[in-house]
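Residues in the sequence shown are numbered from -8 upward in steps of one, following the numbering used here.
Just so it is clear, CB atoms sit at the ideal spot from N, CA and C, and this is done for glycine as well.
Single-structure report; data block below.
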Amino acid sequence: MASQYSPLHFFRRVPNNLLSRYFSERNLSLGVDWQKLKPTEMQPVLDAFEQLEDSQQAEVEGEFQDINALAGEGGVTALVDEAAFHEDENFTEALAELEGFHAKVMWVFLEKPLYWRGATMFLHADNVSASFWKRRNDLPKLPPHVKDSDIAALARAISGLFRKEGRGKNCKVEPYRRHNREYFFAYPEDFAQLGIEWVSNTLKTLAVRGR
């Protein structure tokens, strides 16, 4: 299971060379000497990180929380499964050379971005409580329909179902394959909800349509 996210703990768990690469690829200079820093001396990194603009911090923290969420046995398994779908025969060997879940997951995030979306979806599916699943054993034994037209038809059907409740105006369905099983992740538009969020140094009420 992944640990609870905090910036300082995250910086300590990810190797310096991968942290340096992450910030470099986003053209974010923290002004620290990564080669001289020890894993336990990450306070200067945190101090420099907190000096970034609010929008930059928010974007980086969003990605770091996603990385942290996959930094566990289940997340790495999901990444390996997605790599297998892409027939990446060297993936498992490359991961084995890295020590620690955070190092493995950060490396994948930087080196194999194509695998990221599918792996996060698989991990989500693996962690859905059994009480939310509704198993059906009475469906006809036919090959799954996963053409673009079939996916669009499924999205329209889900949208039509939720529109009876005054929501679901839009719906997107994403198909993924894992171990010869088809996964369909649906995102119907929900009711608009008001939430209180910090925008720069001002607390504002914002309307957001959930999914």
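Ends of the beta strand (DSSP E) at Glu173?
Numbered from its first residue, the sequence shown carries residue 173 at position 182. Where Glu173 is concerned, the enclosing beta strand (DSSP E) stretches over Arg172 to Pro179.
Residue ranges of each alpha helix (DSSP H) within the region 43 to 80, 4 or longer
45 to 61 and 64 to 76
DSSP three-state call for Glu235: helix, strand or coil?
Outside the displayed span of the chain (-8 to 202) sits residue 235, for which this structure offers no information.
Pairing CB atoms from the region 96 to 103 with CB atoms from the region 2 to 20, are three or more of them under 8 Å?
yes
Tell me the start and end of each unbroken alpha helix (DSSP H) in the region 77 to 131 that is at least 4 residues and wholly inside, in chain order.
82 to 87, 92 to 102 and 107 to 117
Go ahead and label Phe2 buried or exposed: buried means 16 or more other beta carbons lie within 10 angstroms of its beta carbon, across all protein chains shown.
The residue labelled residue 2 in the question sits at position 11 within the sequence shown. Classification for Phe2: buried.
I need the DSSP call for Arg158, collapsed to helix, strand or coil.
As a working note, residue 158 is residue 167 in the sequence shown. Coil at Arg158, not helix or strand.
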